[in-house]
Every structure is written in C-alpha cells, then in structure tokens.
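Please read the structure below before turning to the comments.
Chains as they are written, first to last, in the numbering used here: chain A, 70 to 283; chain B, 70 to 283.
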C-alpha cells in the first residue's frame with residue numbers, strides 16, 4: 070500500500086499507526102503542505118484527491134480518503150489485530166472517542182483553517198494560538214471524563230488492545246505538546262499516551278520518524 | 070429509543086433520518102441550543118453528555134454520542150435495511166462521503182464556532198457569513214466531483230438505497246439553502262436531494278417537522 074502523507078499531519082499520523090498495528094507493509098508518498106505553495110494544491114494531487122487533503126491510501130490502485138474511513142477499511146480487510154471491539158456498544162464508544170478528536174477538535178485546528186483566520190480574517194498570532202488552545206480545552210476534559218469514568222477503559226482507551234480511538238488520541242497529543250498545553254488535569258490521557266508510546270507501531274508512526282520529516 | 074435533539078441541528082437531523090430509515094420507534098427529548106442561555110450547557114445535560122452537544126441517543130439506558138458513531142451503531146444493531154454497502158471499498162467510499170461533510174464542513178460551521186468568531190474574535194456578520202459559505206464551497210465541488218464521476222453513485226450517493234452519506238448530505242443541504250448558496254454547479258447533489266426528499270424517512274426528519282420546531 071502507498072500512503073500519501075505529510076509527516077506532521079495528524080490525520081496521516083492516525084493512519085500510519087493503524088497500518089503499523091495491522092502489520093501491513095506500506096510506503097510513504099510525501100505531500101508537503103508548506104513547500105512549493107503546498108504540494109497538496111497541485112493539479113497532480115487534485116487528480117488523486119479533489120479534497121486536496123492528506124492522507125490518501127492507495128491500496129493496489131483503489132484510492133481511499135478520510136482517515137477514519139481508511140482505518141475502518143483496514144480493519145475490515147485485515148481483521149487481526151482488531152482496531153474496534155466486537156460488541157456494538159463498545160464499537161460505538163470507540164468511534165465516539167475517535168470522533169471527539171476527528172470531528173470536534175482537529176477540523177478546527179488544521180492548517181487551512183489557521184490560514185483562513187490569519188490570511189482572511191486578519192487574526193494575530195496570539196488570537197490564533199488562543200483559538201487553537203480553546204478547541205483543545207473544550208475536548209480534553211470530555212475525553213478525560215469518559216476515559217477516567219468508564220470501566221471499559223483499560224490499558225488503552227478501550228480495553229487492553231489499541232483501537233482507532235488510540236490512533237486518533239496520540240497524534241492529537243503530539244499537537245497538544247507543540248502548543249505547550251498543560252496535561253496535568255488529564256492523568257488518564259497521559260497514562261494511555263505512555264502505554265501507546267511503548268509500542269513500535271506508535272513509535273514508528275511518529276512525525277519525526279517519517280522519511281519527509283524535517 | 071430517545072433522541073436528545075435540537076430541530077435545527079444537522080447532526081441530530083442525520084440521526085433522525087437513520088432512525089426513520091431503520092423503522093425504529095423513537096421519541097424526541099428537545100434540547101434547545103439558544104433558549105435559556107442554551108439548554109445543552111445546563112448541568113443536567115452535562116451529566117448526559119459532557120461534550121454538551123446534540124445528538125445523544127439513549128437506547129434503553131445506554132448513552133451514545135457522535136452522530137456518525139450512532140448511525141454505525143444503529144446499522145450494526147438493526148441491519149435491515151442497511152445504511153452501508155456490504156463491500157469494504159463501498160463502505161469506505163460511503164464513510165468518506167459522510168466524513169467530508171461531518172469532518173470537513175459541519176465542525177467549522179456549527180453554532181459554537183460561529184459564536185466564537187463573533188464573540189471572541191469580533192468578526193462582523195458579513196465576515197461570519199463568508200466564513201460559513203467558504204467551507205461549504207470547499208466541500209461541495211469535492212462531493213459533486215465524487216458523486217458525478219463515480220459509477221457507484223446511483224439513485225442515492227451510493228447505489229439505489231440510502232446510506233449514511235445521504236443521511237449527512239441532506240441535512241447539510243438544509244443549511245446550504247439557509248445561506249442561499251447557489252446549487253446550480255452541483256446537479257448530482259441536487260438530483261440526489263430530490264430523490265431523498267421523496268422518502269418519508271427524510272421528510273419526517275426535517276427540522277420543520279420536529280416537535281421542538283419553531
């Protein structure tokens with residue numbers, strides 16, 4: 070498989086973890102979101118993904134977009150080890166945790182939005198950073214409450230094997246740390262992060278380990 | 070089942086369609102996002118959903134959040150009629166279409182974000198509306214290109230029965246029309262919308278038909 074990826078994209082980072090957890094061999098096709106005015110805006114890349122976003126998974130010519138959809142696809146086509154629990158309520162919980170990150174935080178804080186804030190709305194650096202931290206601080210207490218208060222939480226977000234919730238959480242925490250958000254109020258999140266970062270699948274997916282890392 | 074819903078919330082609207090397509094009896098628990106300073110911000114509602122968002126599905130005491138996760142749960146627990154195709158690539162396509170709306174447009178244009186733009190960043194009405202339309206106009210061409218260019222599109226977004234992609238598309242179009250966005254460049258989207266709005270499941274889920282409609 071080929072993954073169109075940018076080392077720092079947290080959506081691409083999610084899929085890298087999922088591919089590694091599944092033990093699927095894959096290669097990176099780097100798409101630099103900053104260089105050359107943004108390689109994702111090139112006509113060549115638009116042919117691959119009209120949404121001009123990373124990641125894109127190329128599975129033997131089949132083109133897949135949207136990180137959550139890609140992870141579900143990997144789970145359906147490569148069931149072992151599973152990225153979702155087997156019971157519908159557990160699956161719903163894991164998907165809701167993942168979507169709290171992928172729908173409620175990440176879309177607000179990605180590059181195209183920050184650029185619109187600065188470029189179109191004329192927001193200054195301080196207000197841009199406050200925006201970023203605001204949406205994080207809306208979601209982190211929600212995640213901590215769910216993870217700390219639900220007996221379904223185990224070594225990882227749900228039970229004792231990593232799920233798509235962990236695949237979303239760890240890339241989000243990478244961004245949290247870039248913005249120096251204090252994680253002290255979120256001990257369960259910090260504990261799960263420490264569990265995940267012991268696993269090669271997570272370590273090898275880290276932005277700094279990618280071929281396009283700077 | 071009970072659905073905590075706000076008539077105009079497009080995330081709640083998605084789940085109402087899904088419940089109706091499945092033929093599952095359900096009742097509305099109205100949560101008014103504007104009245105009384107926002108009923109979703111009440112302590113009582115925070116106990117139900119710490120994320121303070123609608124919709125929430127209460128399935129005999131089990132509390133489910135996040136509209137995409139809820140629709141997948143309904144599909145897993147009530148498989149007929151299906152809301153996803155049976156093949157992994159088809160499922161990935163439907164989920165990607167749904168997420169193009171649920172991850173790339175809706176999170177940017179919902180009430181809490183518009184409030185932050187106006188209340189915290191001091192954005193005026195015109196710039197707020199331009200923001201709203203901008204993110205729509207990023208996604209609508211992507212959706213139209215995928216729907217018009219892919220033979221998997223049928224009477225609905227994918228084949229000839231409605232899927233979660235249609236459950237997301239029709240509520241988004243309700244918002245599009247509120248902002249008077251010209252849909253002429255998107256004939257496939259308009260055609261699918263017309264197909265859906267012939268079905269009672271979609272008609273009955275419309276905001277104007279809800280008990281809390283104004």
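Note that beta-carbon positions come from the ideal geometry of N, C-alpha and C, so glycine has one too.
Bear in mind that the values here come from a model prediction, so they are computed numbers and not experimental data.
- With fewer than 16 other beta carbons inside 10 angstroms of its own, residue 155/A counts as exposed.
- When secondary structure is reduced to three states using DSSP, residue 215/A falls in the helix class.
- Assigned with DSSP and collapsed to three states, residue 110/A falls in helix.
- Looking at the DSSP output, residue 132/B sits in a beta bridge with 127/B.
- In the structure shown, the three-state DSSP call for residue 190/B is coil.
- Distance from the Cα of residue 238/B is smallest, within the candidate group 220/B, 275/B, 203/B, for 275/B.
- Contact between residue 233/B and residue 163/B is confirmed by a C-beta separation of about 6 Å, below the 8 Å threshold.
- In the DSSP annotation of this structure, the continuous segment of the alpha helix (DSSP H) that includes residue 264/B starts and ends at 256 to 265.
- In this structure, DSSP gives residue 176/B a helical state, which the three-state scheme calls helix.
- DSSP, read as helix, strand or coil, puts residue 195/B in helix.
- Per DSSP, residue 169/B is one residue of the alpha helix (DSSP H) stretching across 157 to 171.
- Taken through DSSP and simplified to helix, strand or coil, residue 84/B comes out as helix.
- Contact check for residue 140/B against residue 83/B passes: the beta carbons are separated by less than 8 Å.
- Classified as buried, residue 87/A has 16 or more neighbouring CB atoms from the shown chains inside 10 Å of its CB.
- For residue 87/A, the closest Cβ of chain B is not nearer than 8 Å.
- For residue 96/A, the three-state secondary structure derived from DSSP is strand.
- Apart from sequence neighbours up to five positions away, the residues of its chain that approach residue 91/A with a beta-carbon distance below 6 Å are 143, 147, ordered along the chain.
- According to DSSP, residue 73/A shares a beta bridge with 98/A, 125/A.
- Contact between the region 251 to 260 of chain A and the region 203 to 219 of chain A is established, with three or more Cβ pairs separated by less than 8 Å.
- Going by beta carbons, residue 97/B and residue 280/B fall inside the 8 Å limit.
- Where residue 244/A is concerned, the enclosing alpha helix (DSSP H) starts and stops at 233 to 247.
- Listed along chain A, no residue sits closer than 8 Å to residue 75/B by beta-carbon distance, the nearest being about 16 Å off.
- For residue 214/A, the residues of chain B that pass the 7 Å Cβ criterion are 119, in the order they occur in the chain.
- According to the DSSP secondary-structure assignment, residue 222/B is paired through a beta bridge with 228/B.
- The closest CA to that of residue 79/B, considering only 221/B, 193/B, 99/B, 171/B, is found on 171/B.
- Taking CB atoms only, residue 145/A has a neighbour in chain B less than 8 Å away.
- Using a CB distance cut-off of 8 Å, residue 142/A counts as an interface residue toward chain B.
- Contact between residue 133/A and residue 165/B holds: their C-beta atoms lie close to 7 Å from each other, under 8 Å.
- For residue 168/A, at least one C-beta of chain B is nearer than 8 Å to its own C-beta.
- Contact between the region 242 to 253 of chain B and the region 180 to 195 of chain B is not established, with fewer than three Cβ pairs separated by less than 8 Å.
- Contact of residue 211/B with chain A is assigned, a C-beta pair being separated by under 8 Å.
- Here the alpha carbons of residue 106/A and residue 99/B stand approximately 47 Å from one another.
- Interface residue (Cβ-Cβ distance to chain A less than 8 Å): residue 258/B is not classified as such.
- Contact of residue 184/A with chain B is not assigned, every C-beta pair being separated by 8 Å or more.
- For residue 116/B, the secondary structure class from DSSP, reduced to helix, strand or coil, is helix.
- Counting C-beta atoms within 10 angstroms of its own C-beta, residue 267/B has fewer than 16 neighbours from the protein chains shown and is therefore classed as exposed.
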